[in-house]
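Peer 1: The structure that follows is given in the form of structure tokens.
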Amino acid sequence: MKRPKLKKASKRMSCAKRFKIQKKVREHHRKLRKEAKKSGIRRKIKKDIGVPNSAPFKEDVLREAEERKQELEQLKEKNRLEKQKERAEKRKKGKEESSEVTPAKKKKVKKEEKVKAQREKRAAVAKAKSSKKFRCSELNKVIEASDVILEVLDARDPMGCRCPQLEEAVLKHDGKKRLLFILNKIDLVPQNILEKWVQYLQAQCPTFVFKSSIHIQDKTVLEKKKRVANGVVDYTRAGVSFGSDSLMQVLNLLASNQGTETMLKVGVVGFPNVGKSSIINTLKGIRACNAGVERGLTKCMQEVHISKKVKMIDSPAIVAAPSNSGYKLALRSLQVDDQEVNPLDAAKALLKQCDQQHVMLHYNIPKYKNSLDFLTYFAKKRGFLQKGSLPNTEQAATLFLKDWTGAKLSYYSKVPETEGPPPYLTKATITELQTGLDLDSIKTANKKIIKRVHASKMSTNIAFNSKGLTDGILNVRQLPEEKHTQAEEEEEEEEDDDDDDEEEDEEEEEDEDEDDDIEEMEDIEEIEAPVSKQTKSQRTRKQKKGNTITASVNIDLLAAQKDDDEAYDFSTDFV
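Position 304 of the sequence shown, counting from 1, maps to 304 under UniProt numbering, and the rest follow consecutively.
Dropping the structure here:
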């Protein structure tokens, strides 16, 4: 029984119990002896009596036995040394073989180096294409090569999608280029708001309403031919397009009026994610250009033949000037995708321009005080939680921005009532843009399309306060110096430090080998001598070596042995 205030239970027992144990042990031994006697096994080994004293030549016999014993020991030592030498030779041979580079290894190394060089080349090209300078130069190439410029505007915020620098450059170009507006994503705006925007924009420049087809685009021309041969069009699908017939009719008319044998080149320009590539894919009927939800997918100009007379040129997005306000940069630039701006700041700037009640109804979120409060509710509702059940507001802000730049969220901006056309759009310029076009047919086609499209309801839309045009950069010299992101800087530092790390690792391995030898010697000294007898210098040396403090413990070896003797294990057999 364990007594109170004692760490161990007492090992004392009653005499009856002790005598009982002794009796059991005696019976067990007796049983083993009987079984050994029956089987003929003798437990005691007969001792070698050696050479008796009465034997003749006893000394000679003992001497011969001793010499034979020494010969056997020498033979064992010789065999041990030979085996050790063989092992050393094998080890040396293996190292030489591993150091020698065979033709197969050379081929493998050469192949790996070639693949690595190709990857580095691709990464360098991708990095160069994603830069703002490259995008600006490609956009200027598209403007120079095109006869007609189609500026794509998001119907949810047409004024915010217009770039005055681009329009002015096109209208004042020496080649007398024609400018047209395409109002895309018309199904995400209420019908009455859309009609007002079309009326406002048509007074400045010929405008076409458009809805791209994203889901029914064929991957190849063969798929398109099969679908046309069947003659069945499913209008219940969300990917049905509107506005392509009226636009192609006008482009073919301009191509025929051109009078030359060359094709009419039409450049499609605009800010990120307004639907430039989707419009070209819809007109072509197949996925000729790379299009998706992610912004900035188009890196360089791409020519696509739409018909015998018309060729369209896809362009990268316009670079938004850093002088724009925060919400314009959040919607019209790639700063968040390039990790130049924090998504929390972009979401905050965007929420300031939205109607709070409409946002609450759309996202089904209670009343919030500020942007952080809204993102907290939004993260909890979507299940964006970090460690400790904390809401991940940064992930919520990224998703919120994707909703606003994608083709799902319905919002609208009001048409300016008092604001007139920009200063570069004079009356003479407007009349020149409208010449050679049948404006009445364009207006009637737009009205028919607006009636046919299933527009979003006013109750499900968010009112957005848009403030004028978005400034863009066309001249490469006006671009600010691009800063490297923190991840790129870390990668460069790692590459620079690789050579230094290899040299340091070799030095550390040599130091570790010496330290292991010292630690082994110290461990042996600790086992041989009690801890209490260690000198002060030894303790300080250990503390410096491992930066740890070892506590000294007095161990009574005799007491430990005594406890082991008194303990009894019933599961063992005593022999």
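Built from N, CA and C at the ideal position, the CB exists for glycine as well.
(1) Restricting to runs no shorter than 3 residues, where is the beta strand (DSSP E) found entirely within the segment 433–474?
(2) Where does residue 139 fall in DSSP's three states?
(3) Which residue marks the beginning of the alpha helix (DSSP H) containing residue 314, and which one marks its end?
(4) With DSSP as the reference, label residue 178 as helix, strand or coil.
(5) Can the beta-carbon of residue 193 be found less than 8 Å from the beta-carbon of residue 170?
(6) Span of the alpha helix (DSSP H) holding residue 345?
(7) What did DSSP end up calling residue 412 once you bin it into helix, strand or coil?
(8) Taking DSSP as the reference, what is the three-state secondary structure of residue 396?
(9) How would you call residue 15, buried or exposed, if buried means at least 16 neighbouring beta carbons within 10 angstroms?
(10) How long is the line joining the alpha carbons of residue 340 and residue 325, rounded to whole angstroms?
(11) I need the DSSP call for residue 659, collapsed to helix, strand or coil.
(12) Within 10 Å of its beta-carbon, does residue 104 have 16 or more other beta-carbons around it, so buried, or fewer, so exposed?
(13) Could you tell me the alpha carbon to alpha carbon distance between residue 297 and residue 94, rounded to whole angstroms?
(14) With H, G and I counted as helix, E and B as strand and the rest as coil, what does DSSP make of residue 19?
(15) In the DSSP assignment, find the unbroken alpha helix (DSSP H) run with residue 209 in it and report its ends.
(16) What residues are listed by DSSP as bridge partners for residue 184?
(17) Residue range of the alpha helix (DSSP H) that residue 381 falls in?
(18) Between which residues of its own chain and residue 333 is the CB-CB distance below 6 Å, once the five residues before and five after are set aside?
(19) Nearest-angstrom Cα distance between residue 255 and residue 367?
(20) Pick helix, strand or coil for residue 149, following the three-state DSSP scheme.
(21) So, with DSSP's three-state summary, where would you put residue 264?
(22) So, helix, strand or coil for residue 319, using DSSP?
(23) Measure how close the beta-carbons of residue 139 and residue 315 come, nearest whole angstrom, since I'm counting them as under 8 Å.
(24) Considering only DSSP beta bridges, list what residue 385 is partnered with.
(25) If you compare alpha carbons, which of 253, 151 and 309 is closest to residue 273?
(26) Would the segment 360–378 count as touching the segment 284–301 if we require 3 or more Cβ pairs under 8 Å?
(27) Closest by CA to residue 425, which one among 203, 55 and 23?
(28) Does the Cβ of residue 290 have 16 or more other Cβ atoms within 10 Å, making it buried, or fewer, making it exposed?
(29) Using the three-state DSSP reduction, which class does residue 271 fall into: helix, strand or coil?
(30) So, for residue 394: in the same chain, excluding its five sequence neighbours on each side, which residues have a beta-carbon less than 7 Å away from its beta-carbon?
(31) Helix, strand or coil: how does DSSP classify residue 45 here?
(32) For residue 134, which of helix, strand or coil comes out of DSSP?
(33) Would residue 449 pass as a contact of residue 359 if the rule is Cβ separation under 8 Å?
(34) Can you look up residue 365 in the DSSP assignment and give me helix, strand or coil?
(35) Quick one: what's residue 354 bridged to in DSSP?
(36) Residue 177 to residue 310, Cα distance in whole Å?
Peer 2: To lay it out plainly:
(1) Entirely contained in the segment 433–474, the beta strand (DSSP E) runs reaching 3 residues are, in chain order, 462–464.
(2) Here the question's residue 139 lines up with position 139 in the sequence shown. Helix, per DSSP.
(3) For the purposes of this step, residue 314 is identified with residue 314 of the sequence shown, where counting begins at 1. Segment 310–314 is the beta strand (DSSP E) holding residue 314; no alpha helix (DSSP H) there.
(4) By one-based count along the sequence shown, residue 178 stands at place 178. The answer is strand: DSSP assigns residue 178 an E or B state.
(5) Locating residue 193 in the sequence shown gives position 193, counting from the first residue. Locating residue 170 in the sequence shown gives position 170, counting from the first residue. Between residue 193 and residue 170, the gap from beta carbon to beta carbon reaches 8 Å or more.
(6) Numbered from 1 along the sequence shown, position 345 holds the residue referred to as residue 345. Start and end: 343–351.
(7) In the sequence shown, counting from the first residue as 1, residue 412 sits at position 412. Collapsing the DSSP output to three states places residue 412 in a strand.
(8) For this step, residue 396 is matched to residue 396 along the sequence shown. Helix, per DSSP.
(9) To locate residue 15, count along the sequence shown from 1; it is residue 15. An exposed status is given to residue 15, since fewer than 16 other beta-carbon atoms sit within 10 Å of its beta-carbon.
(10) Along the sequence shown, one-based indexing puts residue 340 at 340. Along the sequence shown, one-based indexing puts residue 325 at 325. Cα to Cα, residue 340 sits roughly 15 Å from residue 325.
(11) The displayed coordinates of the chain run from 1 to 575. Any statement about residue 659 would go beyond what the structure contains.
(12) For the purposes of this step, residue 104 is taken as the residue at position 104 of the sequence shown. Label assigned to residue 104: exposed.
(13) Residue numbering aside, residue 297 sits at position 297 when the sequence shown is read from its first letter. Residue numbering aside, residue 94 sits at position 94 when the sequence shown is read from its first letter. Each residue's alpha carbon lies about 53 Å from the other.
(14) Taking the first residue of the sequence shown as 1, we reach residue 19 at position 19. Residue 19 sits in a helix when the DSSP states are folded into three classes.
(15) As a working mapping, residue 209 is identified with position 209 in the sequence shown. Counting along the chain, residue 209 falls outside any alpha helix (DSSP H), though it belongs to the beta strand (DSSP E) covering 207–209.
(16) As a first step, residue 184 must be located in the sequence shown, where it is residue number 184. Partner residues in the beta bridge of residue 184, as assigned by DSSP, are 154.
(17) Counting from one through the sequence shown, the residue named residue 381 turns up at place 381. First-last of the alpha helix (DSSP H) with residue 381: 371–382.
(18) Looking up residue 333 in the sequence shown gives position 333. Result list for residue 333: 320, in chain order.
(19) Reading the sequence shown from its first residue, position 255 is the one you call residue 255. Reading the sequence shown from its first residue, position 367 is the one you call residue 367. Taking the straight line from one Cα to the other gives about 55 Å.
(20) The residue you call residue 149 lines up with position 149 of the sequence shown. Reduced to three states, the DSSP call for residue 149 is strand.
(21) Locating residue 264 in the sequence shown gives position 264, where the first residue counts as 1. Under the three-state reduction of DSSP output, residue 264 falls in the strand class.
(22) Indexing the sequence shown from 1 puts residue 319 at position 319. If DSSP states are grouped into helix, strand and coil, residue 319 belongs with the strands.
(23) Taking the first residue of the sequence shown as 1, we reach residue 139 at position 139. Taking the first residue of the sequence shown as 1, we reach residue 315 at position 315. With 8 Å as the limit, residue 139 and residue 315 qualify as a contact, their Cβ atoms being about 5 Å apart.
(24) Sequence index remark: in the sequence shown, residue 385 carries index 385 (1-based). According to DSSP, which records beta bridges pairwise, residue 385 is partnered with 391.
(25) The residue you call residue 273 lines up with position 273 of the sequence shown. Taking residue 273 as reference, the option from 253, 151 and 309 with the minimal CA-CA separation is 151.
(26) Using a C-beta cut-off of 8 Å, the segment 360–378 makes no contact with the segment 284–301, since fewer than three inter-stretch Cβ pairs fall below that distance.
(27) Residue mapping note: residue 425 aligns to position 425 of the sequence shown, counting from 1. Closest by alpha carbon: 203.
(28) In the sequence shown, residue 290 corresponds to position 290, counting from 1. Exposed: under 16 other Cβ atoms inside 10 Å.
(29) Here residue 271 is taken as the residue at index 271 of the sequence shown, counted from 1. In the structure shown, residue 271 sits in coil (DSSP, three-state: anything other than H, G, I, E or B).
(30) For the purposes of this step, residue 394 is taken as residue 394 along the sequence shown, with counting starting at 1. Contacts found: 343 and 344.
(31) On the sequence shown, residue 45 is found 45 positions in, with the first residue counted as 1. Under the three-state reduction of DSSP output, residue 45 falls in the coil class, being neither helix nor strand.
(32) Translated into the one-based positions of the sequence shown, residue 134 becomes position 134. Residue 134 falls in the helix class under three-state DSSP.
(33) In the sequence shown, residue 449 corresponds to position 449, counting from 1. In the sequence shown, residue 359 corresponds to position 359, counting from 1. At a Cβ-Cβ threshold of 8 Å, residue 449 and residue 359 do not count as neighbours.
(34) One-based indexing of the sequence shown puts residue 365 at position 365. In this structure, residue 365 counts as coil in the three-state DSSP scheme.
(35) As a working mapping, residue 354 is identified with position 354 in the sequence shown. According to DSSP, which records beta bridges pairwise, residue 354 is partnered with 464.
(36) As a first step, residue 177 must be located in the sequence shown, where it is residue number 177. As a first step, residue 310 must be located in the sequence shown, where it is residue number 310. Residue 177 and residue 310 have their C-alpha atoms spaced approximately 15 Å apart.
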